[in-house]
Structure formats: structure tokens, C-alpha cells
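The structure under discussion appears below in the form of C-alpha cells.
Protein chains: 2
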Amino acid sequence: MRARTRASNRRRRAGSNAIALSDVARAAGVSTASVSRALNTPELVSEDVRAAVQAAVTRLGYIRHSAARALASRRSMTIGAVVPTIVNSIFSAGVEAIERRLEEAGYALLIATSDYSLERELRQVRILLERGVDGVILVGRYHRPELAQMLHERAVPYVCQGAYAADGPPCVGFDNHAAMASMAEYVLGLGHRRIAMLAGIAADNDRVIDRIAGARAALNRAGLDFVPGGLVEARYDVAEARLAMKRLLALRPRPTAVLCVNDVLALGALFEARAEGVAVPAELSITGFDDFDFARNVEPPLTTLRVPTAEMGRGAAEQLLQRLMGQSPPHARLVPTMIIPRGTTGPAPAG
Amino acid sequence: MRARTRASNRRRRAGSNAIALSDVARAAGVSTASVSRALNTPELVSEDVRAAVQAAVTRLGYIRHSAARALASRRSMTIGAVVPTIVNSIFSAGVEAIERRLEEAGYALLIATSDYSLERELRQVRILLERGVDGVILVGRYHRPELAQMLHERAVPYVCQGAYAADGPPCVGFDNHAAMASMAEYVLGLGHRRIAMLAGIAADNDRVIDRIAGARAALNRAGLDFVPGGLVEARYDVAEARLAMKRLLALRPRPTAVLCVNDVLALGALFEARAEGVAVPAELSITGFDDFDFARNVEPPLTTLRVPTAEMGRGAAEQLLQRLMGQSPPHARLVPTMIIPRGTTGPAPAG
DNA sequence: TTGTAGGCGTTATCAC
DNA sequence: GTGATAACGCCTACAA
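Chains as they are written, first to last, in this note's numbering: chain A, -12 to 338; chain B, -12 to 338.
Structure below.
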């Protein structure tokens, strides 16, 4: 019965009809170790072996089994990212940049959404850890304390994106407080004194909290504050933004400027103002935050603050990769932002 | 030397300081098999074992090792999705819906982008296969032939999303040809005769090709065609759309209606028309496709065709999950679309 | 440079 | 219901 070949023997088992590395080894007439080396560290094998393995691989259509690789090498070559949502183009652009960079380095991206909930973020990280990710990318400064602990216990490096903090965990981002403060100052410089703010839901969201605080700080320095009732929150959704904006437009005296926490809200504000017949920027100035695709193309084009989303995503991926390679990149990286004055802001109306 | 405990013994090795299932077994005073069962098929173990294992798991902070599970069970509990890009909210909303459904079922989502290239899509699928995904979700009807072959060889099920075809591989989508034809008919019904089309890049893109063909077929049935020079392509980007729209607006006689292949292009067209002082819809009607967030909120609100993006995503995930569970869901599922008449369309101007 | 062989952490097949 | 134990497919000292 020695006619029973290894192939048939293999096929007998478990229903695995896939080509394994051992099949390649046999076909190439070398050991499995050599195949592994030819594939992973080709510079360590002779030209002959490399060629034979290469030929066998293509002839057999061999595809590596990454679970087995992960188990043996103790690295999954997978990175996990948890973002609030990918439907907001700010995050999706960041994720796409991350994916691109990781792909170049041979890593895959496991994606999860937190829905702006720190609780959910924690759960997602746990799942990612089960999946054996080699690193994690998060958004923002606020996280459940258990999160850092879990990551630390497993020695899984992580990078936070979108908010700069010199002291916290590694990050790539900017100072939300300062950025929004500068926008407030810009509007103050235009002569506005009755200023309101259209914010996102602040709960659990450090970016929103920092931006609100930044704007308020700038106003305070000028001896002002938001107009009474002039700080409203809305979900990141044009319809919600319009509703919230309606409340701001109903204030008397009406604010002459509305600072929005992001561009989606700003467009909602702009649409609502137009629907209500309020002239922008003659009667009312509106500012956005992010500078996404539509910002420069609406009428009038939106004054906003440019955030280098893709650069942050790529930078976060880069930093993680470097850590994974045993390097020690700068702990925190600050990316630049810039106010882009366009058509939705103008001098405060007289009176 | 028998004082050398298993723990220290374990710690000695390979740097793996993670808690393993065997540690849980020891702590709970049961076999590894029982732990595995208590975790995966709790109904097969006694109440005592279940409780002991549960306690040990939480006490030790045990996290399962999915690579090992994948290797042993031959299932990675991971699904791969390849989409053109996630920056377009149509796709990101679909991906988010997919992720949600998969999460409920305990699957993780590996994401990859094709950048609208079938070549790249094929490469990405190969990578996903290396990753051992249990299933794949794709977009559209057009794919490299090698793709189906690879998937078939490995017996990995897949579902295509966003385009309905009764005969091709399993899919969840709608008939792009018919949908765009209905939109063309709607515009014809408004009395328009000089009609143009702002399309996406058609190469490799069945959705775009079908939509163009659908519109043309409807026009043909009315004895018409696009106005000469009235079919232009643009990347899905507001700025590009405006450029393309500029060419359309320069045609003489000017078209009275422009059918856009999606909402992003339609907004670009709308912005450009407004910038050029062309009244919408009095002088020019514009239609979109998708009904994304901004569509109903711009001024005037965009007439478009609603596509149930999230439903398609969820449906695709659902179909894949059913296949994975050995069921045989309907091979192709048609989701409904609907024309949403809003403010950018009106009767053809006289003359 | 190449091969041998042990082990990575689970699951699944057997007996009991 | 429970426990041994052999895979699962690959990597990586270690030896040659």
C-alpha cells in the first residue's frame, strides 16, 4: 500500500485541498525551510533554490496561509483601526491613507467603528486584540483607561490620530484647542462680537470639547463669550445641523458669526441660512473645520480650517510601522493646519 | 529542579507572555478540550465546567488567539471587502453596513480598495485570500476572469454588490441600466429634448457603462440621443465635475437637462451652473444618482435616484453569512430604487 | 547555504 | 460530559 502517495494522503484529511508549503518544497525538491526562506528572506538562499521555489509556487498556485504564519511567527501582519465612523469623509480619507501605507508594508487593515462611543471603542479594541493585530490606530485623546492597559499588557503598540498631545500615548495630530482658537480670532479680527457656535455632540469627544474650549478661550481673551444660547450641539448630519442652526438664527439679537465644529455642520448652517433668507456673509459669517471636498465648491465657498487628513492617516500608519520595526519615532507628531479664508466670512455688519 | 513551574517554563519561551488556553485549563482544573468547548459550544459542557472556565478566563484576562483558532478550525471568521474607494460616501456607507452585520455574526472585516481598477481588485483579492478570508464582498459586475477562478479554486464564497445580474455570480443590487433609463424618461417626460450626460470614468466600471447605456436607450426610444458632444466623463470629484460641466454649458444650443451619473457629479454640475449664472431648474435641469446626505439639503434640493446603500451592504453581508452557514440564499437579490423629484428639475424651457 | 525538527495555541477526533 | 492527543501550516533555532 505504499502506492498511497503523500498527495492522496493529504487529500484524505480534513478536506483541506489547498496547496501547502510542503507541497511546494516537494515540487521544488528542497526542504520546507528553504521554501520559507525563499519566500520571506530571499537574500538568504541561493539563486537556484529561489528559482526552483518560484517556479513551483507559480506552477502550483501556492498561496501562503497567514494564520499559520501568524501562529508560527507570532506576528499577524495585521493592523486594527477604530474610528467613530467611516461615513464622514474626514475619517474615510484618513482610513484610506492608512490602508495605502500599510499595504505598501505588507500589512492588512482590520477596521472597526466606535460610533463615537468610548465604550464601544474599548470593545472593538478587545476584538482586534483577539484577532491578533500587531498594532492599533485610534482616533483622539479620550479613551477608556482599560484600553491602554489591555494594549500594554499585550505589548501591542498603538497610535492616536487627530489630536496632538505631547504627554499622552503616541499620536499624530494637531491641537484642536489652538486651531479653533485661531479661527475664533480670525472672526474677531473681522469685527464680529456676537458669535455663536455650532458644535458636534461633545460627550466622549475630545476634539469637540477642545474646539469648544479653544473658541471660548479666544472669545474670553477678547472680553467676550458666546452669545447667550449660542452654543448648540448637533449630530454630524446636514439635516441635524440645519435644525440646530435654526435655533441660532432665532436668537435676538442674532449672532453675526457662527463657528462650526466641522464642514458638514457648516454646510448645514449655510443651507439653512440661505433657506431663511439670511445673506452670507453680508449678514452672517459662517466658518467650517476640515476643508473637505465640498467646502471650496459651495456657493459661497466655505471659509474653513484645513486639516491634513490624509497626511495624518499616513503619518499614524508610518509611526506604527516604525515602532513595529523596533525603531523609536518621535512620540508625538504635530501636523500643520491652516485657516482658508473664502466666501462665507466677511466684516461684521454695522449695528 | 521540579520547582520550575509551567508558568516560568512558558515565560522562558519565545517571549510569549500571553495567557493561553492551556493556562485557563490549568487554572480551572479541566482539560484544554473542556475549555475550548466551554468557550465555543457551552451547551456541550456541564454547568460546573462552564462556571469554572468562565471564572478562570476573567481572572486571567484570557484573550483567544484567532490565528491558532483559524489554523485548527480552518475558518478565519474574517471577511474581505474590496471597494473602489471608501472616500465616496456611497461606498463607505455600504462598508459600514457590512461591518455592522458581520460584527453581529462574530466576523471581522478586512478592507481593501481597488481605486476603480480591476487589475488592482484582482491583486487585492489575492491578498485577502492569503489572509484566509472566509468570504469576499466585491462591487459591481465586471471583474477579471482570474478572480472568479481563484475564489472558486479555494472554495471561497463571494457576493457582488451594487449591480444586479440574474446570471452572474451571487449579487445584491439593482439594475443600473433600468434605473438610469427611468431617470432619462422622467426628464423626457418633463419635455426636455436637448439632453446631456455627465458620467464617471467608464473604463472598467460596469455601473457607469450601464447607466450611460440606460440613458441612451431611453433617449433612443424617444427618437433622440445625447446632444452632440453631450456625453462627458469626469472623475468623482466636485472640482472635476465642474470642469466637465463647463464644457457642457458651452455647447450651443445648450442642453436643457444634464443627467449625472452620481450625486457628487450632480452637485459639481449644480455649483458650476450657479457660478455661470445659469438658472436651475428654469434654464437647466440637473439630476443626480444615489441620494446621499447632501442631496436633499443643497439649494435647490437635488432631484435624484435613491439607492438603498446600507440595505445593499447589509444584504450582501447577510447573503455571504448564509452561504457560510451552508444555506442557499437566493442567488441574486434585487433592491428597489426610486426617483426622488426635488428642486433641480423642471419643465423644459420654451424654445 | 541548507535541512531537521520542535513548537506556535487551538480545535476536533477519539475513547472513556 | 470529559480528557488525551493528533493535526492545522508554517517559522526558526540549531545543526550540518
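Here a beta-carbon is modelled for each residue, glycine too, at the ideal position from N, C-alpha and C.
1) Rounded to whole angstroms, what is the Cα-Cα separation between residue 98 of chain A and residue 287 of chain B?
2) Please report how far the alpha carbon of residue -4 of chain B lies from the alpha carbon of residue 10 of chain B, in whole angstroms.
3) Can you give me the C-alpha to C-alpha distance between residue 128 of chain B and residue 147 of chain B, rounded to a whole angstrom?
4) Once DSSP output is grouped into helix, strand and coil, what is the label at residue 312 of chain A?
5) Can you list the residues of chain A that residue 83 of chain B reaches, using a CB-CB cut of under 9 Å?
6) If you follow the beta strand (DSSP E) that residue 184 of chain B is in, where does it begin and where does it stop?
7) Just checking: is the beta-carbon of residue -6 of chain B within a distance shorter than 8 Å of some beta-carbon in chain A?
8) Closest Cβ-Cβ distance between residue 52 of chain B and chain A: below 8 Å?
9) Between which two residues does the beta strand (DSSP E) holding residue 220 of chain B run?
10) Determine the DSSP secondary structure at residue 143 of chain B, reduced to helix, strand or coil.
11) Exposed or buried, which one is residue 272 of chain A when buried takes at least 16 other CB atoms within 10 Å?
12) On the premise that residue 335 of chain A lies in contact with residue 177 of chain A, defined as a C-beta separation below 8 Å, what is that separation, rounded to the nearest angstrom?
13) Between which two residues does the beta strand (DSSP E) holding residue 293 of chain A run?
14) Please look up how many angstroms separate the CB atoms of residue 225 of chain B and residue 284 of chain A, rounded, as I've assumed it's under 8 Å.
15) Along the chain, which unbroken stretches of the beta strand (DSSP E) at least 3 residues long are found entirely within the region 17 to 83 of chain B?
16) Could you check what DSSP says for residue 169 of chain B in three-state terms: helix, strand or coil?
17) When you measure from the CB of residue 6 of chain A to every non-hydrogen atom of the ligand COA, does any distance come out below 7 Å?
18) What does the alpha-carbon distance come out to for the pair residue 137 of chain A and residue 48 of chain A?
19) Kindly give me the distance between the Cβ atoms of residue 130 of chain B and residue 106 of chain B, rounded to whole angstroms, as I take these residues to be in contact under 8 Å.
20) Could you please tell me which residues of the region 109 to 122 of chain B, in chain order, have their CB closer than 9 Å to any CB of chain A?
21) Could you name the residues of chain B that residue 86 of chain A contacts, counting a contact when the two beta carbons are closer than 9 Å?
22) Could you tell me which uninterrupted beta strand (DSSP E) segments, each at least 3 residues in length, are contained entirely in the region 77 to 136 of chain A, listed from first to last along the chain?
23) Alpha carbon to alpha carbon, how far is residue 24 of chain A from residue 34 of chain A?
24) Return the residues of the region 219 to 247 of chain A that lie within a Cβ-Cβ distance of less than 9 Å from chain B, sorted by chain order.
25) What is the DSSP secondary structure of residue 199 of chain B, counted as helix, strand or coil?
26) Please determine, among B:174, B:165 and B:125, the residue with the shortest C-alpha to C-alpha distance to residue 156 of chain B.
27) Within the continuous beta strand (DSSP E) that includes residue 320 of chain A, where are the two ends?
28) For the region 290 to 302 of chain A, which residues have a beta carbon sitting closer than 8 Å to at least one beta carbon of chain B?
29) Looking at the structure shown, is residue 155 of chain B part of a helix, part of a strand, or coil, going by DSSP?
30) At what residues does the beta strand (DSSP E) containing residue 244 of chain A begin and finish?
31) DSSP three-state label for residue 332 of chain A, please.
32) Are the CB atoms of residue 39 of chain A and residue 16 of chain A within a distance shorter than 8 Å?
33) By how many angstroms is the C-alpha of residue 80 of chain B removed from the C-alpha of residue 170 of chain B?
34) Over the uninterrupted beta strand (DSSP E) stretch that includes residue 274 of chain A, give me the two end residues.
35) With a threshold of 8 Å between beta carbons, is residue 0 of chain A in contact with chain B?
36) Is there at least one Cβ from chain B nearer than 8 Å to residue 285 of chain A's Cβ?
The structure says:
1) Against the first sequence, residue 98 of chain A aligns to sequence position 111. Against the second sequence, residue 287 of chain B aligns to sequence position 300. CA-to-CA, the gap between residue 98 of chain A and residue 287 of chain B works out to about 36 Å.
2) Translated into the one-based positions of the second sequence, residue -4 of chain B becomes position 9. Translated into the one-based positions of the second sequence, residue 10 of chain B becomes position 23. Any reading at residue -4 of chain B must be qualified, since the residue scores a pLDDT of 34, below 50, and its modelled position is unreliable; the value itself is stated next. The alpha-carbon atoms of residue -4 of chain B and residue 10 of chain B are separated by roughly 12 Å.
3) Taking the first residue of the second sequence as position 1, residue 128 of chain B is located at position 141. Taking the first residue of the second sequence as position 1, residue 147 of chain B is located at position 160. Cα-Cα distance, rounded: 7 Å.
4) The residue labelled residue 312 of chain A in the question sits at position 325 within the first sequence. Coil, per DSSP.
5) Start at 1 with the first residue of the second sequence, and residue 83 of chain B comes out as number 96. Residues of chain A passing the Cβ test: 72, 73, 74 and 100.
6) Position 197 of the second sequence, counted from the first residue, corresponds to residue 184 of chain B. Counting along the chain, the beta strand (DSSP E) containing residue 184 of chain B begins and ends at 182 to 186.
7) As a position in the second sequence, residue -6 of chain B is number 7, starting the count at 1. Because residue -6 of chain B carries a pLDDT of 34, less than 50, the predicted location of this residue cannot be relied on, and no value is offered for it.
8) Taking the first residue of the second sequence as 1, we reach residue 52 of chain B at position 65. At a cut-off of 8 Å between beta-carbon atoms, residue 52 of chain B makes contact with chain A.
9) Here residue 220 of chain B refers to the residue found at position 233 when the second sequence is read from its first residue. First-last of the beta strand (DSSP E) with residue 220 of chain B: 218 to 220.
10) Translated into positions along the second sequence, residue 143 of chain B becomes position 156. Coil.
11) As a first step, residue 272 of chain A is located in the first sequence; it is residue number 285 there, counting from the start. Under this definition residue 272 of chain A is a buried residue.
12) Counted from its first residue, the first sequence places residue 177 of chain A at position 190. Counted from its first residue, the first sequence places residue 335 of chain A at position 348. Confirmed, about 6 Å.
13) Taking the first sequence and counting its residues from 1, one reaches residue 293 of chain A at position 306. According to the DSSP assignment, residue 293 of chain A belongs to the beta strand (DSSP E) that extends over 291 to 293.
14) The residue labelled residue 225 of chain B in the question sits at position 238 within the second sequence. The residue labelled residue 284 of chain A in the question sits at position 297 within the first sequence. With a contact defined as Cβ atoms closer than 8 Å, residue 225 of chain B and residue 284 of chain A qualify at about 4 Å.
15) Taken in chain order, the whole beta strand (DSSP E) runs of length 3 or more contained in the region 17 to 83 of chain B are 65 to 70.
16) Stepping through the second sequence from its first residue, residue 169 of chain B is reached at position 182. Helix, per DSSP.
17) Judged by which ligands are present, the structure shown has none, so any question about the ligand COA falls away.
18) Here the question's residue 137 of chain A lines up with position 150 in the first sequence. Here the question's residue 48 of chain A lines up with position 61 in the first sequence. Cα-Cα distance, rounded: 40 Å.
19) Your numbering for residue 130 of chain B matches position 143 in the second sequence. Your numbering for residue 106 of chain B matches position 119 in the second sequence. Not quite, the Cβ-Cβ distance comes to about 11 Å (not below 8 Å), so this is no contact.
20) Answer set for the region 109 to 122 of chain B: 111, 113, 114, 115, 116, 117, 118 and 119.
21) Within the first sequence, residue 86 of chain A is the residue found at index 99, counting from 1. Within chain B, the residues near residue 86 of chain A are 73, 98, 99 and 100.
22) Scanning the region 77 to 136 of chain A for uninterrupted beta strand (DSSP E) segments of 3 residues or longer gives 95 to 100 and 122 to 126, listed from N- to C-terminal end.
23) As a first step, residue 24 of chain A is located in the first sequence; it is residue number 37 there, counting from the start. As a first step, residue 34 of chain A is located in the first sequence; it is residue number 47 there, counting from the start. Roughly 12 Å between the two C-alpha positions.
24) If the cut-off is 9 Å between Cβ atoms, the region 219 to 247 of chain A has 224, 225, 226, 228 and 229 near chain B.
25) Position 212 of the second sequence, counted from the start, is the residue given in the question as residue 199 of chain B. Residue 199 of chain B falls in the helix class under three-state DSSP.
26) If you number the second sequence from 1, residue 156 of chain B lands on position 169. Residue 156 of chain B has its Cα closest to that of B:125, out of B:174, B:165 and B:125.
27) Residue numbering aside, residue 320 of chain A sits at position 333 when the first sequence is read from its first letter. For residue 320 of chain A, the enclosing beta strand (DSSP E) covers residues 319 to 321.
28) Only those residues of the region 290 to 302 of chain A whose C-beta falls short of 8 Å from the nearest C-beta of chain B would be listed, and there are none.
29) Position 168 of the second sequence, counted from the first residue, corresponds to residue 155 of chain B. The answer is coil: DSSP assigns residue 155 of chain B none of H, G, I, E or B.
30) Here residue 244 of chain A refers to the residue found at position 257 when the first sequence is read from its first residue. First-last of the beta strand (DSSP E) with residue 244 of chain A: 244 to 247.
31) The sequence position of residue 332 of chain A within the first sequence is 345, counting from 1. Judged by DSSP in its simplified three-state form, residue 332 of chain A adopts coil rather than helix or strand.
32) Along the first sequence, read from residue 1 onward, the residue named residue 16 of chain A stands at position 29. Along the first sequence, read from residue 1 onward, the residue named residue 39 of chain A stands at position 52. Yes, Cβ-Cβ distance for residue 16 of chain A and residue 39 of chain A is below 8 Å.
33) Numbered from its first residue, the second sequence carries residue 170 of chain B at position 183. Numbered from its first residue, the second sequence carries residue 80 of chain B at position 93. Cα to Cα, the separation comes out at about 23 Å.
34) Reading the first sequence from its first residue, position 287 is the one you call residue 274 of chain A. Residue 274 of chain A: member of the beta strand (DSSP E) spanning 272 to 274, first to last residue.
35) In the first sequence, residue 0 of chain A corresponds to position 13, counting from 1. Note that residue 0 of chain A scores 32 on pLDDT, short of 50, meaning its location in the model is unreliable; the coordinates nonetheless yield the value given after this. Answer no: the Cβ-Cβ gap between residue 0 of chain A and chain B never drops below 8 Å.
36) Against the first sequence, residue 285 of chain A aligns to sequence position 298. Chain B has a Cβ within less than 8 Å of the Cβ of residue 285 of chain A.
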